[in-house]
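*Asks:*
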Amino acid sequence: MTTHVHAGEPRLDLRTAAPKAAKALYAADQAILTSPLDPTIRELVKLRTSQINHCVHCIDLHSHDALEQGESLDRIIQLSAWRESALFTPAERAALEYTEAATTLTPHGVSDEVWAGVRDLMTDEELGALVVQVALMNAFNRFGVPLQMPARPRD
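UniProt numbering applies: residue 1 is where the sequence shown begins, and numbers increase by one.
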């Protein structure tokens with residue numbers, strides 16, 4: 001497998017190539033900001049989804065977003081090994097378990113056990129926002145990876 005590192009422009013700018021669809025997706029993502037889903041869980045889920053999907057643009061973006069929102073560097077560093085880390089709450093662990101199951105769907109989907117883990121710790125509104133957030137993040141990753149969207153240059 002050949003890996004190509006692109007530091008420049010993405011292959012295609014979706015905001016120009018598919019403006020209505022891109023605008024609708026970004027609007028849906030913005031709507032989650034006003035949901036009752038815990039902002040920390042929201043950012044952890046975005047970052048973990050992006051790690052699984054190997055989307056460098058989104059990993060970079062959501063790592064920095066999380067840091068700007070007060071997330072600790074240690075938790076960001078340990079996120080890919082969250083099961084082995086003592087730094088995550090039960091609600092965060094349940095959300096991360098759901099995120100991984102929904103991102104790496106098997107022929108059996110998300111197990112009843114994983115679903116029960118988030119169902120027991122979240123309201124319907126929180127759970128709905130989590131389901132939408134994970135699905136949207138997977139969609140964004142599926143734009144970022146094929147379009148080879150680079151990480152944002154920083155000073």
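Cβ coordinates follow ideal geometry from the N, Cα and C atoms, glycine included.
Could you give the distance in angstroms between the alpha-carbon of THR89 and the alpha-carbon of THR16?
*Replies:* Going by the C-alpha atoms only, they are around 40 Å apart.
*Asks:* Per DSSP, what kind of secondary structure is GLY109 in: helix, strand or coil?
*Replies:* Strand, per DSSP.
*Asks:* Assuming ALA102 contacts VAL134 (C-beta within less than 8 Å), just tell me the rounded distance between them.
*Replies:* Correct: roughly 5 Å between the Cβ atoms.
*Asks:* Which of the three DSSP states is assigned to PRO153 in this structure?
*Replies:* Coil, per DSSP.
*Asks:* Below 8 Å on the Cβ atoms is my contact criterion, and I expect residue 161 with ALA94 to pass it. Report the Cβ-Cβ distance as a whole number of Å.
*Replies:* The chain is shown only over 1 to 155; residue 161 falls outside these bounds and no answer can be derived.
*Asks:* Rounded to whole angstroms, what is the Cα-Cα separation between HIS54 and LEU105?
*Replies:* Near 16 Å, if we compare the C-alpha coordinates of LEU105 and HIS54.
*Asks:* Can you find the residues in the same chain that come closer than 6 Å, C-beta to C-beta, to TRP82, ignoring five residues on each side of it along the sequence?
*Replies:* Same-chain partners within the cutoff: PHE88, LEU96.
*Asks:* To the nearest angstrom, how far is it from the Cα of TYR98 to the Cα of TRP115?
*Replies:* Taking the straight line from one Cα to the other gives about 7 Å.
*Asks:* If LEU44 and LEU79 are in contact, beta carbons under 8 Å, what's the gap, nearest whole angstrom?
*Replies:* Right, the Cβ-Cβ distance comes to about 7 Å (below 8 Å), so this counts as a contact.
*Asks:* Should MET149 and LYS46 be called a contact, given that it needs their Cβ atoms to be closer than 7 Å?
*Replies:* No, Cβ-Cβ distance for MET149 and LYS46 is not below 7 Å.
*Asks:* Tell me where the alpha helix (DSSP H) around ALA135 begins and ends.
*Replies:* Element bounds for ALA135: 124-144.
*Asks:* Among LEU67, ARG11, ALA22, LEU130, which has the Cα closest to the Cα of PRO36?
*Replies:* If we check each option's Cα against that of PRO36, LEU130 comes out closest.
*Asks:* Quick one: complete alpha helix (DSSP H) runs, 4+ long, within the UniProt domain "Carboxymuconolactone decarboxylase-like" (19-100)?
*Replies:* Within the UniProt domain "Carboxymuconolactone decarboxylase-like" (19-100), the complete alpha helix (DSSP H) runs of at least 4 residues are 19-33, 39-53, 56-68, 73-78.
*Asks:* Relative to the alpha-carbon of GLY70, which residue among ASP155, THR123, PRO39 has its alpha-carbon at the smallest distance?
*Replies:* It is PRO39 whose Cα lies nearest to the Cα of GLY70.
*Asks:* Determine the direct distance from the alpha carbon of GLU100 to that of PRO107, and round the result to whole angstroms.
*Replies:* Each residue's alpha carbon lies about 14 Å from the other.
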